[in-house]
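Visitor: Structure incoming, see below.
Protein chains: 2
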Amino acid sequence: MSLRHALLGALAAEHHTGYSLLKHFEQSLGYAWPAGHSQIYPELARLLERGLIEQTASGPRGARTYATTAAGVEEVRRWLRTEPDRRVRSDAALRVFFLWLLPPDDAAAYLAAERERYLALHAELERIRDEEEPETPKQRAYRLALVGGLLALEAQIRWAEWALEEVATWR
Amino acid sequence: MSLRHALLGALAAEHHTGYSLLKHFEQSLGYAWPAGHSQIYPELARLLERGLIEQTASGPRGARTYATTAAGVEEVRRWLRTEPDRRVRSDAALRVFFLWLLPPDDAAAYLAAERERYLALHAELERIRDEEEPETPKQRAYRLALVGGLLALEAQIRWAEWALEEVATWR
DNA sequence: ACGTACATGTAAGGAGTTACATGATTTG
DNA sequence: CAAATCATGTAACTCCTTACATGTACGT
């Protein structure tokens, strides 16, 4: 259900082909809702059939560019006013509950690797943030999401560092 | 795959019936990996068949208590040494990208509601944290996960408050 | 006795992942 | 002309959600 609305929202912001949507998911939307091409293309076909998106151009290699219709934008607005599904799955967070099953050194190695991942991702989001000043409403909303990601990563980095100190006392 | 290991890890920490695992997911593990009874019972049957858990007791109403076997514990350790799947899906985070499609007042209402949710959950996790001092290795690992949740929520609360100020300038 | 919580199960459908499959255009 | 990237599609499988289904024990 979320994927459908992610596509409608992205195509309301700017025109995209399935392929450029795929790239867009890899670079930004995917941090909140990952999606591969095998999900995107069939869903675009369904949205087109239901009149929530329309084809606006054709390009080389059979590329088709889409945009959200007025009905599609209304559907996103309707969705935004419903209760979000707050269930979140994080394999990485789950593992923490069971770190006591590993020798302390291995648990520490896990935490150190997590910290490195978070640091690398944080640096990348900072780079994206500093690329340009948000100006349009759309850019300002994307910036909200980006800053949310940065703050979450900062919390995770601090957590991993604290957890490493904790685990050091387990020996 | 994660559900399987969540069950093995939980049953390595203490014996559980399917029903008490369900409650355990609702209260703690589910914040990292939600699961309902319709997933838990069939998965327990599979783990039992594969010899990764064993039945240790029977109770009233057909209740069966399980524990992880030595082979099951080894399987958790093996899993903990594989690369975590870092994909995370958050419907709530996804919506932020598209808040520009709402009138600023409605966007602000969304953010305010999110803030309330985070505050309530934070208070609940603090209550759980203050219930008892962690002593065993298992309790210390669960505490790591709990503190991770608290830090993440604090970041989300600060983010929501900053975002509310931002959205106030959209008018 | 009645309601609530305990306790387990299955089935249908939807969502997501991985693998299979193909071909055109651009860049070096 | 070779490799990388652009571009789209389908199929099988696994996982997750929702709904249907049933029965027992405990507390008041």
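Chains as they are written, first to last, in this note's numbering: chain A, 1 to 171; chain D, 172 to 342. We treat Cβ as the ideally placed atom computed from N, Cα and C, and that holds for glycine. Keep in mind the model is a prediction, meaning the values are calculated, not measured.
Based on the DSSP output, what are the partners of Y237/D in its beta bridges?
Guide: BP columns for Y237/D point to H187/D, Q226/D.
Visitor: At 4 residues or longer, and completely inside the stretch 101-159 of chain A: list those alpha helix (DSSP H) runs for me, N to C.
Guide: List check, alpha helix (DSSP H) in window: 104-131.
Visitor: With 8 Å set as the bound, which would you pick, yes or no: does the beta-carbon of E197/D sit closer than that to a beta-carbon of chain A?
Guide: No - not a single Cβ of chain A is within 8 Å of the one on E197/D.
Visitor: Examine the Cβ distances between the stretch 113-130 of chain A and the stretch 141-160 of chain A and report whether three or more of them are shorter than 8 Å.
Guide: The stretch 113-130 of chain A is in contact with the stretch 141-160 of chain A.
Visitor: Where DSSP assigns a beta bridge to R89/A, which residues make up the other side?
Guide: Looking at the DSSP assignment, R89/A forms a beta bridge with R260/D.
Visitor: In whole angstroms, what is the alpha-carbon distance linking G189/D and T236/D?
Guide: If I take the Cα positions, the gap works out to 8 Å.
Visitor: So is D256/D buried or exposed if we call it buried at 16+ other beta carbons inside 10 Å?
Guide: So D256/D counts as exposed.
Visitor: S90/A CB to nearest chain D CB: under 8 Å?
Guide: Yes - at least one Cβ of chain D is within 8 Å of the one on S90/A.
Visitor: Is the shortest distance between the beta-carbon of G180/D and the beta-carbons of chain A less than 8 Å?
Guide: Closer than 8 Å to some Cβ of chain A, the Cβ of G180/D qualifies, so yes.
Visitor: Does DSSP classify R81/A as helix, strand or coil?
Guide: R81/A: coil per DSSP, three-state reduction.
Visitor: What does P137/A reach in chain D if we use C-beta pairs closer than 7 Å?
Guide: Going along chain D in sequence order, the residues near P137/A (Cβ under 7 Å) are W271, W341.
Visitor: For the stretch 205-230 of chain D, which residues have a beta carbon sitting closer than 7 Å to at least one beta carbon of chain A?
Guide: Taking 7 Å as the Cβ-Cβ cut-off against chain A, the residues of the stretch 205-230 of chain D that qualify are P205.
Visitor: Give me the Cα-Cα distance between L80/A and L265/D, rounded to the nearest whole angstrom.
Guide: Looking at the two C-alpha atoms, the distance is approximately 10 Å.
Visitor: D256/D touches chain A at which residues, Cβ-Cβ below 7 Å?
Guide: D91, listed in chain order.
Visitor: How big is the Cα-Cα spacing for E132/A and A141/A?
Guide: So the alpha carbons of these two residues sit roughly 14 Å apart.
Visitor: For L8/A versus I40/A, is the C-beta distance shorter than 8 Å?
Guide: Cβ atoms of L8/A and I40/A: not closer than 8 Å.
Visitor: Is T82/A buried or exposed, if buried means 16 or more other CB atoms sit within 10 Å of its CB?
Guide: Exposed: under 16 other Cβ atoms inside 10 Å.
Visitor: Can you tell me the Cα-Cα spacing of R87/A and L29/A, whole angstroms?
Guide: Going from the Cα of R87/A to the Cα of L29/A covers about 18 Å.
Visitor: Can L3/A and E43/A be called in contact, C-beta distance under 8 Å?
Guide: Yes, Cβ-Cβ distance for L3/A and E43/A is below 8 Å.
Visitor: Which one of Y202/D, E245/D, V267/D, A283/D has the shortest CA to CA distance from K138/A?
Guide: Cα-wise, what sits closest to K138/A is V267/D.
Visitor: Beta-carbon of Y313/D versus every beta-carbon of chain A: anything under 8 Å?
Guide: By this cut-off, Y313/D is an interface position.
Visitor: So, are the CB atoms of F25/A and A35/A less than 8 Å apart?
Guide: It is a contact, given that the beta carbons lie within the stated cut-off.
Visitor: Under 8 Å Cβ-Cβ, which residues of chain D neighbour S2/A?
Guide: R260, D262, L265, listed in chain order.
Visitor: Relative to the C-alpha of R217/D, which residue among T340/D, T239/D, A228/D is closest?
Guide: The option with the nearest alpha carbon to R217/D is T239/D.
Visitor: Just the C-alpha distance for L335/D and A32/A, rounded to the nearest angstrom, thanks.
Guide: Straight-line Cα distance between these residues: approximately 20 Å.
Visitor: Rounded C-beta distance between A331/D and L282/D? I'm assuming under 8 Å.
Guide: Right, the Cβ-Cβ distance comes to about 5 Å (below 8 Å), so this counts as a contact.
Visitor: Counting only beta-carbon atoms, is E166/A nearer than 8 Å to chain D?
Guide: Yes, contact with chain D.
Visitor: Put G36/A into one of helix, strand or coil per three-state DSSP.
Guide: Coil, per DSSP.
Visitor: Exposed or buried, what is R232/D when buried is set at 16 or more other beta-carbons lying within 10 Å of its beta-carbon?
Guide: Classification for R232/D: exposed.
Visitor: Are L193/D and H208/D touching if we call contact CB-CB under 8 Å?
Guide: Going by C-beta atoms, L193/D is nearer than 8 Å to H208/D.
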